[in-house]
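Data first, discussion second: the structure below is written as structure tokens.
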Amino acid sequence: MGKRRNRGRSQLLSTMTKKQKKHLRDFGEEHPFYDRVSKKEVKPQICQLSESSDTSHSESESESEREHVSGYHRLLATLKNVSEEEEDDSAVSDGDTNDEDGDEDVPVTEEIAESSETQEPDDPKEKDGEEPPDTSQKSPEEFTDAKHESLFSLETNFLEEDSGSSSSQRTSQDPFQQHVNKELKEKDIQAAASSSPTSQQLKWPTLGQLVFSSKFWKTETFKPPKDIDLKSLHLQKPLESTWGKTNSQFLSGPQKSNSPFTPLQKELFLIMNSYRDLFYPERTALKNGEEIRHVYCLHAINHVLKANAQVLANNSRRRSQKLGVGEDDDFRDQGLTRPKVLIVVPFREAALRVVQLFISLLEGDSKKKIIVSNKKRFQGEYGSDPEERPPNLKRPEDYEAVFVGNIDDHFRIGVAILQRSIRLYAPFYSSDILIASPLGLRTIIGGEGEKKRDFDFLSSVELLIIDQADIYLMQNWEHVLHLMNHMNLLPLDSHGVDFSRVRMWSLNNWSRYYRQTLLFGALQDAQINSLFNRHCANAQGQVAVRNVPVTGAISHVLVQLPHVFQRMEAQDLASVIDARFHFFVNKILPQYRDAVMSHTLIYVPSYFDFVRLRNYFKKEELNFTHICEYTQKSGVSRARHFFLQGEKQFLLLTERFHFYKRYTIKGIRNLIFYELPTYPHFYSEVCNMLRATSRGEEATWTCTVLYSKYDAQRLAAVVGVERAAQMLRSPKNVHLFITGEK
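If you read the sequence shown in our numbering, its first letter stands for residue 22, the second for the next number, and so on.
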């Protein structure tokens, strides 16, 4: 039957004129004007195209001129109604279409067959079997998990009846719905680009001084309520029941019965749930690190569950109503790629704790355990062995809290969440949440000119969480800036997206105005402030905590020591580096060249300044040694020994070495801070090193600090805000403070 039918169709096409063939290509059937009249009745010959061609005029144009096919038209030609593909009747009709088109010998039908073949990889079940887009990975297994693809696919799953959907009234008040459904206009975007933000200040009971700012609308401030009701927060199931159990370790006494949040968590979550950008610079590993991690994990999992529930509910509606693709804009519920949340953490231990929190929030104390795929592998790669840590290693408490567990800083992992199940090591383009370090993302994003690079998975991130931002200053801040420069860019490939389901603001390349950024760190730093101000453009506005330090780190210096602060002048911020170097070489260093001023430690926060000073000392043939984060262990021991014995007059020490090692340098008599430390408590730690080898020379100890007016934040953290203001306003360039007096 098939051969006879194809033979007859070939004879028919061979008798057609060029105009008839062109019309057949354009419209899929013969034009009535060219119908042949014969004694026999001949049925009109119809060439069946794929279903998507009926809904898009672009495909007919692309088929008529193959050499002018654009990438965008190819994407439109691959649109499918995924829910209808599962119906048996549509599957049969697709198969018949492929059979009929594939057997033709005419170029028109060959093009149709080719277009039907290009549609096959768009099936989400099949694309995972191909080589993953993240080709820069060391092991492709990180991005292939075909075993669990169908279980966690958003396209082929539907909303479970027991999970239910929120009522219309609750949905309208849901901050998530209000945020994603808010429509910006072109004039709003243009006005925001040219205007300066409006800001207001407000003091909250726990967070302190807050600055609300916005470029889009008039700044709205709000006060936190005294009591908080979980139902008013619009938490998705099952978070309302599991949050209290998961967060119980931070609650005690009457507070546990009154509210499921601590005072800090309550105020932070109210800001998060309003979908404003947030910068909180008082997150410390010792004090409130875990408390904050719990609350941002709650917000992240709540956002993902709501977004996925919306997609699955629309899948069910489309299947029941059998609507065609693009017929209803109410179904626009996705981004250009699936990843919605990106959590940036510095170490594998932090990623391990985040995933454990996700499991606890979905599981709670329920007897029914959730499904966690690849859990054993995850625990093996992200866990740590307590026996690996030397038992006699003694470090400060904050060091122990930061460097606990697995401190590897090169990792990334995709997490998919669907229907009380968690899929670890999910392919990036099939993940809801990405957890990674800046270095792990940098190796994927790559640089200009590199062949193997990919950053499309960052195109539709709706929630960006950067935790422990201060540690990235000690790792490599350039990786963070590189990541922010590639956030929410239009993807270079379609990655199987259904454009009829993509939100219009995502298609308009306005995703950055809808992305919420949560930034947590341990200090106020100019580089972190710059990142928050330049790369956070959320239309909902920004909230920054701006508390000033009342007492500085100098109050924790225990030794009796005179502190001489010398101010240098600089024309602008760009000239500070050169001005500091020339001031040190011409004014400070000549005072310490005398042999009497031996045992001088020079503390250098920037590695680039360290290299510059080291080269200068070598050129001048000064008697010095140096220790940096790249120095081998034997070199560190040798330098410490020479400095202690006085064989080397100067010791150059980088701040990053002190951050990662926290060695006590013995033999210090004279201390020079080439620049104020990044961490304020490092100032008191280094000063207290002088008492490590106290041999009666306390009267000769000296401490000199260089600063400029551009170091106002660091200066306030060291000496206190009142003293810093006086020092910056005073015409004197030298200020003296004495600590350790009885």
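In this text, a Cβ means the ideal position worked out from N, Cα and C, and glycines have one as well.
Practice item. Starting from Asn691, follow the beta strand (DSSP E) in both directions and report where the run begins and ends. Key: Per DSSP, the unbroken beta strand (DSSP E) holding Asn691 starts and ends at Asn691 to Phe694.
**Study point:** Residues near Gln670 by beta carbon distance below 6 Å, same chain, minus five either side
**Key:** Ser619 and Asn644
Review point. Ends of the alpha helix (DSSP H) at Asp599?
Key: Val597 to Phe604
**Study point:** Opening and closing residue of the alpha helix (DSSP H) in which Ala733 lies
**Key:** Ala733 to Val740
Exercise for review: Using a threshold of 8 Å, state whether the C-beta atoms of Val742 and Val578 are closer than that.
Suggested key: Cβ distance not < 8 Å, so Val742 and Val578 don't count as in contact.
Practice item. Express the C-alpha separation of Leu319 and Ser253 in angstroms, rounding to a whole number. Key: 15 Å
Practice item. Drop a sphere of 10 angstroms on the beta-carbon of Pro246, count the other beta-carbons inside from all chains shown, and report buried for 16 or more, exposed for fewer. Key: exposed
Practice item. Could you round the C-beta distance between Phe478 and Phe449 to whole angstroms and report it? I think they count as a contact, below 8 Å. Key: 5 Å
Review point. Would the beta-carbon of Val739 fall within 8 Å of that of Tyr704?
Key: yes
Check your understanding: Hey, quick one: how far does the alpha helix (DSSP H) through Arg661 stretch, first residue to last?
Key -> Lys654 to Gln666
Check your understanding: I think Pro626 touches Glu696, with their Cβ atoms under 8 Å apart; what is that distance to the nearest whole Å?
Key -> Between Pro626 and Glu696 the beta-carbon gap is near 5 Å, inside 8 Å, which marks them as a contact.
**Study point:** Spatial distance of Asn329 from Val423 (CA atoms)
**Key:** 34 Å
Review point. Just the Cα atoms here: how many angstroms apart are Glu676 and Arg353?
Key: 50 Å
Review point. Is Val518 helix, strand or coil by DSSP?
Key: Here Val518 sits in coil by DSSP.
Check your understanding: In the DSSP assignment, what are the bridge partners of Tyr317?
Key -> In the DSSP output, where bridge partners are listed per residue, Tyr317 has none listed.
Point to revise | Integer Cβ distance of Pro218 from Ser193, believed to fall under 8 Å | key: So it is not a contact: roughly 29 Å between Cβ atoms.
Review point. How long is the line joining the alpha carbons of Arg633 and Tyr624, rounded to whole angstroms?
Key: Their backbone Cα atoms lie some 13 Å apart in a straight line.
**Study point:** Extent of the continuous beta strand (DSSP E) run through Ser300
**Key:** A small correction: the amino acid at residue 300 is Phe; Ser does not occupy that position in the sequence shown. Here the beta strand (DSSP E) through Phe300 covers Asp298 to Tyr301.
**Study point:** CA nearest to the CA of Leu502, picked from Glu311, Ser452, Gln537 and Cys557
**Key:** Taking only the C-alpha atoms, the option nearest Leu502 is Cys557.
**Study point:** Member of Val726, Gln222 and Ala321 whose CA lies at the smallest distance from the CA of Ile380
**Key:** Ala321
Exercise for review: May I ask which residues mark the beginning and end of the alpha helix (DSSP H) holding Pro701?
Suggested key: Pro701 to Cys708 is the span of the alpha helix (DSSP H), which, as asked, contains Pro701.
Review point. Between Gln400 and Phe520, what straight-line distance do the alpha-carbon atoms span, to the nearest angstrom?
Key: 37 Å
Exercise for review: May I ask you to report which of helix, strand or coil DSSP gives Gly401?
Suggested key: helix
Practice item. If I'm right that Arg314 touches Leu378 with Cβ under 8 Å, what's the distance once you round it to whole angstroms? Key: 7 Å
**Study point:** Helix, strand or coil at Val625 according to DSSP, with G and I counted as helix
**Key:** strand
Point to revise | Secondary structure of Trp531, DSSP reduced to three states | key: coil
**Study point:** the stretch 194-208 contacting the stretch 289-304, beta-carbon criterion three pairs below 8 Å
**Key:** yes
Practice item. Evaluate Asp453 with the Cβ neighbour count: other Cβ atoms within 10 Å of its Cβ, from every protein chain shown; 16 or more gives buried, anything less gives exposed. Key: The residue is buried, with at least 16 neighbouring Cβ atoms inside 10 Å.
Practice item. Provide the residue(s) that pair with Cys724 in DSSP beta bridges, ordered along the chain. Key: Answer is His584 and Leu692, bridged to Cys724.
**Study point:** Collapsed DSSP secondary structure at Leu96 in the structure displayed
**Key:** Legend: pLDDT at Leu96 = 46, less than 50; position of this residue unreliable, no value from coordinates given.
Check your understanding: Exposed or buried, Phe243, counting other C-beta atoms within 10 Å across all chains shown (16 or more means buried)?
Key -> exposed
Check your understanding: Is Lys687 near Leu672, with beta carbons less than 8 Å apart?
Key -> no
Practice item. Tell me whether Ser74 sits in a helix, a strand or coil according to DSSP, three-state version. Key: The predicted model places Ser74 with a pLDDT of 37, which falls under 50 and marks its position as unreliable; any figure quoted below should be read in that light. In the structure shown, Ser74 sits in a helix (DSSP, three-state: H, G or I).
**Study point:** Distance between beta carbons of Cys724 and Val585, contact taken as under 8 Å
**Key:** 7 Å
Point to revise | Inter-residue Cα distance where the pair is Asp546 and Pro698 | key: 11 Å
Point to revise | 6 Å CB neighbourhood of Phe638 in its chain, flanking five on each side removed | key: Non-local C-beta neighbours of Phe638 in its own chain, meaning closer than 6 Å and more than five positions away in sequence, comprise Phe645, ordered along the chain.
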